[in-house]
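Have a look at the structure below before the remarks.
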Amino acid sequence: MEHILTTERLVLRPIEDKDKDDIIRGASDFAVAKWLSMVPHPYIGADGQWFIDHVKASPHGYWAITRAGQFLGVISIKPDLGYWLAPAHWGQGVMSEAASAVVAAYFENPAAGPLMSGYFIENARSAAVLYKLGFANKGPIEEEYSKSLGRKNLHRKVALTPEQWHFLNPVEIKTERLRIRPNEAHHMTAIHAIAAQQKVAQNLGSFPHPLDVAFIEERVERGRWRGSWNGWFHIADPAGAVLGMIGFYSPTQGQEDDIGIGYAIDPKAWGQGIMSEALRAFCDFIFERYRAGKIQASCFDDNPASQRVLEKAGFEPFEKDMAKSAARSEKSPITRYRLMRSEGASDGTGH
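So this is what it looks like as structure tokens:
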């Protein structure tokens, strides 16, 4: 994750020695300390120094929340999401804004698993922040020890899965004429209508003809966008009419440089440059998000339109082979293409 995050109003930066007095001042306020399980009360200079030293030893995952240079509080993922904010800044949406930025950065990692957090039951403010982000209850209410209270208190554990985060914060790739978004169940009818056409299916490796709706249902579920190493998206016009589909997949889930891409477009939209426009934008998205050195694709040699789409997007042929399509009776010649990451492009961290 990036160690400096910016939002509309805030800068989340590394915690520094100069923050010690602000940390002591904020954490020593009982209105703050009583909601933090590991913070003692009173919170003295030695406690603040211990925290500074602890962060220095493992700085990634801790941020000072600042606004216009003023220290407001602390937020961390080590490994669970935790935070506190000086009471003078409560009720202004600061923590929701900060937490949203940190959680978004966390889920930029394709390998990110569920993110855990929790709150003491009486802390309605913290509960509101977590549920607004999409966290859901995990297990029953339990007791957790509070150092500041010197006793156990009722505590609720919550979790946020990658799938839930990406569902609530969906990807949208915009071009001049198109919107590319993750598929959902209500897109199945339109996608089936496109892929069920023989002249489309015969150019797709695994789509049979005739095409059962159940096949599309399974593909939509398998390709559901979870922010990881595969995803199946639809291509639509600005009004939402589905024009085609595009997706990617890493067979090794990113262990090797093996991202492949596939696509199809409604024949009614052929010859308008729509797939070329979508493919360029989608490849930019992949290189922006993933540490991929290349993107691969293949097309049948009797599909010159797809070859032109790939070459127009910068793909270069590198291998000839024979391949079977589920909608063809026998193997046919194909050409494999690859698009290399350009020099100076994003490093695949989303920044």
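Residues in the sequence shown are numbered from 7 upward in steps of one, following the numbering used here. A virtual CB, placed ideally from N, CA and C, is assigned to each residue, including glycine.
Member of the options whose CA lies at the smallest distance from the CA of residue i
{"i": "Phe3", "options": "Tyr343, Asp272 and Gly320", "result": "The structure shown does not extend to residue 3, since the chain is modelled only from 7 through 357, so no value can be given for it."}
{"i": "Glu294", "options": "Ile179, Glu317 and Ser335", "result": "Ile179"}
{"i": "Gly75", "options": "Arg15, Asp86, Arg347 and Val38", "result": "Arg15"}
{"i": "Gly156", "options": "Phe126, Ala191 and His47", "result": "His47"}
{"i": "Ser154", "options": "Glu336, Ile29 and Tyr49", "result": "Tyr49"}
{"i": "Tyr296", "options": "Trp69, Glu182, Gln203 and Gly266", "result": "Gly266"}
{"i": "Gly268", "options": "Glu262, Gly260 and Cys289", "result": "Cys289"}
Within 8 Å, strictly: CB atoms of residue i and residue j
{"i": "His198", "j": "Leu210", "result": "no"}
{"i": "Gly237", "j": "Phe213", "result": "no"}
{"i": "Ala333", "j": "Ile340", "result": "no"}
{"i": "Arg232", "j": "Pro168", "result": "yes"}
{"i": "His95", "j": "Leu78", "result": "yes"}
{"i": "Ile200", "j": "Ala117", "result": "no"}
{"i": "Arg185", "j": "Ala242", "result": "yes"}
{"i": "Val109", "j": "Trp171", "result": "yes"}
{"i": "Pro310", "j": "Lys205", "result": "no"}
{"i": "Ile71", "j": "Val61", "result": "no"}
{"i": "Asp308", "j": "Ser335", "result": "no"}
{"i": "Arg347", "j": "Ala287", "result": "no"}
{"i": "Ile58", "j": "Asp35", "result": "no"}
{"i": "Phe126", "j": "Leu160", "result": "yes"}
Cβ neighbours of residue i in the same chain (closer than 7 Å, five flanking residues each side left out)
{"i": "Val315", "result": "Met281, Ser282 and Leu285"}
{"i": "Val135", "result": "Met101, Ser102 and Ala105"}
{"i": "Glu322", "result": "Tyr343 and Arg344"}
{"i": "Val164", "result": "Ser123, Gly124, Leu136, Phe141, Ala142, Asn143 and Lys144"}
{"i": "Gly32", "result": "Val38, Gly79, Trp90 and Ala92"}
Below-8 Å beta-carbon distance, residue i vs any chain C residue
{"i": "Glu317", "result": "The chain labelled as chain C is not found in the depicted structure, where only one protein chain is given."}
With 16 other Cβ atoms within 10 Å as the buried cut-off, status of residue i
{"i": "Val219", "result": "exposed"}
{"i": "Ile21", "result": "buried"}
{"i": "His357", "result": "At His357 the pLDDT is 41, less than 50, meaning the model places this residue with poor confidence; the figure from the coordinates comes in the next sentence. So His357 counts as exposed."}
{"i": "His9", "result": "exposed"}
{"i": "Leu18", "result": "buried"}
{"i": "Ser132", "result": "buried"}
{"i": "Gly277", "result": "exposed"}
{"i": "Arg228", "result": "exposed"}
Proximal residues to residue i (C-beta, below 6 Å), its chain only, five neighbours per side dropped
{"i": "His240", "result": "Asn189, His193, Val248 and Met251"}
{"i": "Thr13", "result": "Glu103 and Ala107"}
{"i": "Asn129", "result": "Trp41"}
{"i": "Gly67", "result": "Ser82, Ile83 and Lys84"}
{"i": "Asp86", "result": "Met122 and Ser123"}
{"i": "Ser234", "result": "Pro116"}
{"i": "Asp28", "result": "Phe77"}
8 Å CB neighbourhood of residue i in its chain, flanking five on each side removed
{"i": "Asp264", "result": "Ser256, Pro257, Thr258 and Gln302"}
Any non-hydrogen atom of the ligand HEM within 7 Å of residue i CB
{"i": "Trp238", "result": "As far as ligands go, the structure on display features none, and thus does not contain the ligand HEM."}
Quick check: the segment 147-160 against the segment 175-187, are there 3 or more CB pairs under 8 Å?
no
Are the segment 52-61 and the segment 131-145 in contact at 8 Å, needing three or more beta carbon pairs?
Judged by Cβ distances under 8 Å, the segment 52-61 makes no contact with the segment 131-145, as fewer than three pairs qualify.
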